[in-house]
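Asker: Line by line, the protein sequences are chains A and B. Take 1 as the starting number for the first sequence in the numbering used here and just add one per residue. Take 108 as the starting number for the second sequence in the numbering used here and just add one per residue. Virtual Cβ for every residue (Gly too), placed ideally from N, Cα, C. Have a look at the structure that comes next, please.
There are 2 protein chains.
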Amino acid sequence: MSSQIVRQKFIALSDPARLDIVRRLASGPKTAGELAGPYPVSRPAVSRHLRVLREAGIARAEVRGREWWYSVDPAALQEMQAWLEEVRGMWSTALASLKDYVEEQDG
Amino acid sequence: MSSQIVRQKFIALSDPARLDIVRRLASGPKTAGELAGPYPVSRPAVSRHLRVLREAGIARAEVRGREWWYSVDPAALQEMQAWLEEVRGMWSTALASLKDYVEEQDG
DNA sequence: CCAATATGTAACATATATGTTACATATTGG
DNA sequence: CCAATATGTAACATATATGTTACATATTGG
């Protein structure tokens, strides 16, 4: 998983509208119209947000007639979790080494 | 964990320099100077990135003399993981309900 | 067939983030 | 004490993201 790819996903979730859209999508697939409904911004603006989510791989769209049904891709979220887990793992290791070093110095 | 707070963390990791800084910090605490070293941008620019990471709670700084020692806060990363896990959990539940519904319709 | 509907895209204006240079502050070493 | 060092902050220029309006495209329902 390249750094570029994981970063694109962090960008995708860094906007309040997109973060909220993803949260709402978690309760099941929705059309672009349903998703745009609750926001004060225009529908084309939401359409752009949906594109950002699609391009980051966080959302997918299935075109059914004139409706686009959006859903989240849990694998994309899992990739983000994996990145975070990797950093936390490295940090634990680093902490352990640091502890050994300090103990060696002291006693 | 408010949506605002988790979003600030996603913003923090949406920049390539900051993503890289966090990755490098995982191998152990580093000074601002060490962190700025490898980048083509100016040191004040890196200083700003470090502030963004601090304000998001992802990095902490300990001032020792004239050096600022930075380290990652694994708890912040864990909060992000928890948010992602929550969405994934909701999605599994939604999928299960959808499956039940479809089965009811078909048979 | 055609008006209504659902939606994406283009072009542009504006808000926001990022970079630079200049500067302020505090600490260290002789 | 004071020059060198480490670092943050301020002010401003510029790149990037986001919003709007106008438009294009495809589908549906009568």
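1. Please list the partners that P123 (chain B) has in chain A, where partner means a Cβ-to-Cβ separation under 7 Å.
2. Determine, using beta carbons only, whether L184 (chain B) comes closer than 9 Å to chain A.
3. When the Cα atoms are used, what is the spatial distance from V6 (chain A) to D127 (chain B)?
4. If you run the structure through DSSP and keep just helix, strand and coil, what is R66 (chain A)?
5. Under a three-way DSSP split, which group does S149 (chain B) fall into?
6. Closer than 9 Å, Cβ to Cβ, to anything on chain B: give me those residues from the stretch 19-40 of chain A, in chain order.
7. Could you pull the DSSP bridge partners for T31 (chain A) from this structure?
8. Could you pull out every residue in the same chain whose Cβ sits closer than 6 Å to the Cβ of Q111 (chain B), ignoring the five residues on either side in sequence?
9. Which whole-angstrom value describes the C-beta separation of I58 (chain A) and V72 (chain A), a residue pair presumed to lie in contact below a C-beta threshold of 8 Å?
10. Taking only three categories from DSSP, how would you classify A36 (chain A)?
11. Which partner residues of A59 (chain A) appear in the DSSP bridge assignment?
12. Which stretch, first to last residue, makes up the alpha helix (DSSP H) that contains R132 (chain B)?
13. Using 9 Å as the limit for Cβ to Cβ distance, is R88 (chain A) near chain B?
14. Tell me the rounded alpha-carbon separation between E162 (chain B) and A168 (chain B).
15. My output table needs one value for A47 (chain A): the three-state DSSP class, helix, strand or coil.
16. Considering S110 (chain B), what are the terminal residues of the alpha helix (DSSP H) in which it resides?
17. Taking only the alpha-carbon atoms, compute the straight-line gap between I31 (chain A) and A139 (chain B) and give it to the nearest angstrom.
18. Between V153 (chain B) and chain A, is there a C-beta pair that is closer than 9 Å?
19. Could you name the residues of chain A that V179 (chain B) contacts, counting a contact when the two beta carbons are closer than 8 Å?
20. Run down chain A in chain order and give the residues with a C-beta less than 7 Å from the C-beta of T201 (chain B).
Answerer: Per the coordinate set shown:
1. Contacts between P123 (chain B) and chain A, judged by CB atoms closer than 7 Å, involve R7 in chain order.
2. Using a CB distance cut-off of 9 Å, L184 (chain B) counts as an interface residue toward chain A.
3. Whole-angstrom Cα-Cα distance: 12 Å.
4. Residue state, collapsed to three classes: coil.
5. Note: S149 (chain B) maps to coil in three-state DSSP.
6. Residues of the stretch 19-40 of chain A with a Cβ closer than 9 Å to any Cβ of chain B, in chain order: L19, D20, V22, R23, L25, A26, S27, G28, P29.
7. As a beta-bridge residue in DSSP terms, T31 (chain A) pairs with A:W69.
8. The beta carbon of Q111 (chain B) lies closer than 6 Å to none in the same chain, with the five residues before and after it left out.
9. With a Cβ gap of about 6 Å, I58 (chain A) and V72 (chain A) count as contacting.
10. Of the three classes helix, strand and coil, the one that applies to A36 (chain A) here is helix, per DSSP.
11. A59 (chain A) pairs with A:V72.
12. Residue identity check: residue 132 (chain B) is Leu in the sequence provided, not Arg. Segment 123-132, the alpha helix (DSSP H) holding L132 (chain B).
13. The Cβ of R88 (chain A) sits closer than 9 Å to at least one Cβ of chain B.
14. A direct Cα-to-Cα measurement between E162 (chain B) and A168 (chain B) gives close to 11 Å.
15. Rather than Ala, the amino acid found at residue 47 (chain A) in this sequence is Ser. Looking at S47 (chain A) - three-state DSSP - the assignment turns out to be helix.
16. Note, S110 (chain B): alpha helix (DSSP H), 110-119.
17. What sits at residue 31 (chain A) in the sequence shown is Thr, not Ile. Taking C-alpha positions only, T31 (chain A) is separated from A139 (chain B) by approximately 47 Å.
18. With 9 Å as the cut-off, V153 (chain B) does not count as an interface residue toward chain A.
19. The answer, in chain order, is V87, W91.
20. First, the residue type needs correcting, since residue 201 (chain B) is Ala and not Thr in the sequence shown. Result: A26, S27, G28.
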